[in-house]
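What follows is a single structure, written as structure tokens, with notes after it.
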């Protein structure tokens, strides 16, 4: 649950001054309130971080009319899968579980996407799938991955134009680490990328830095 920031009387007064006189410098706001710039600085920082004010170097403060929550929501609606997708690691459906484990280790990924002879998505392999197959005395070089993979239509996918926030919700809801980014073709879904929890973390860190 997001809590609304409760402003002090002085902060509300600052907002009123900026609404009526913006852009206005911090020094001029301080003069109107008969305060020092140093005393005023924490209030201006809070109002700016919360999104009520927008600051421009050598210009001053503007009134944005928006809370930090509103600004964050608006920014999240502008980030798409295509902005942060990475290169997928793809394997053929007839390779062995042993080879899939080697590929996952060498590529340092947590999910492999399985394709048929036409490079169309037919399955997904997670670390858990491969670990489960490794337990016991089975000969891993003789077991094809298509026996243990998650198959269509039980694969959660996404497309380049999907919002990243929606994909983050899917990862949480499905409790999975990655999704294939696909393109719909006449033959089926072609894998053109991947979105992982790491991709989404990078996006949110970049948003925070902005």
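In UniProt numbering, the protein residues as written are 1 to 210. Don't be surprised by glycine CBs; every beta carbon is placed ideally from N, CA and C.
- Per DSSP, reduced to three states, the secondary structure at residue 26 is helical.
- Annotated three-state conformation of residue 91 is strand, per DSSP.
- The C-alpha of residue 193 lies about 46 angstroms from the C-alpha of residue 15.
- Take residue 143, set aside five residues on each side of it, and the residues of its chain with a beta-carbon closer than 7 angstroms to its own are 96, 97 and 133, in chain order.
- Across the structure, residue 170 and residue 17 are spaced so that their CA atoms are roughly 44 angstroms apart.
- Nearest C-alpha to residue 145 among 185, 175, 107 and 103: 103.
- By the C-beta density criterion, residue 111 is buried, having at least 16 other C-beta atoms within 10 angstroms.
- Shown here, residue 190 sits in a strand according to DSSP, grouped into three states.
- A direct Cα-to-Cα measurement between residue 38 and residue 190 gives close to 58 angstroms.
- The closest CA to that of residue 200, considering only 23, 123, 79 and 11, is found on 79.
- Separation of residue 119 and residue 125 (C-alpha to C-alpha, rounded to the nearest whole angstrom) is 16 angstroms.
- Per DSSP, the beta bridge partners of residue 62 are 54.
- Under the DSSP definition of a beta bridge, residue 198 lacks any partner.
- Nearest to residue 164 by alpha-carbon distance, out of 181, 188 and 101, is 181.
- Bounds of any alpha helix (DSSP H) do not take in residue 34, whose DSSP letter is neither H nor E.
- Residue 6 and residue 51 have their C-alpha atoms roughly 13 angstroms apart.
- Nearest C-alpha to residue 86 among 185, 206, 184 and 179: 179.
- Using a Cβ distance threshold of 7 angstroms, residue 116 and residue 93 count as a contacting pair.
- In the three-state reduction of the DSSP assignment, residue 15 falls in the helix class, which pools H, G and I.
- Beta-bridge analysis with DSSP links residue 180 to 194.
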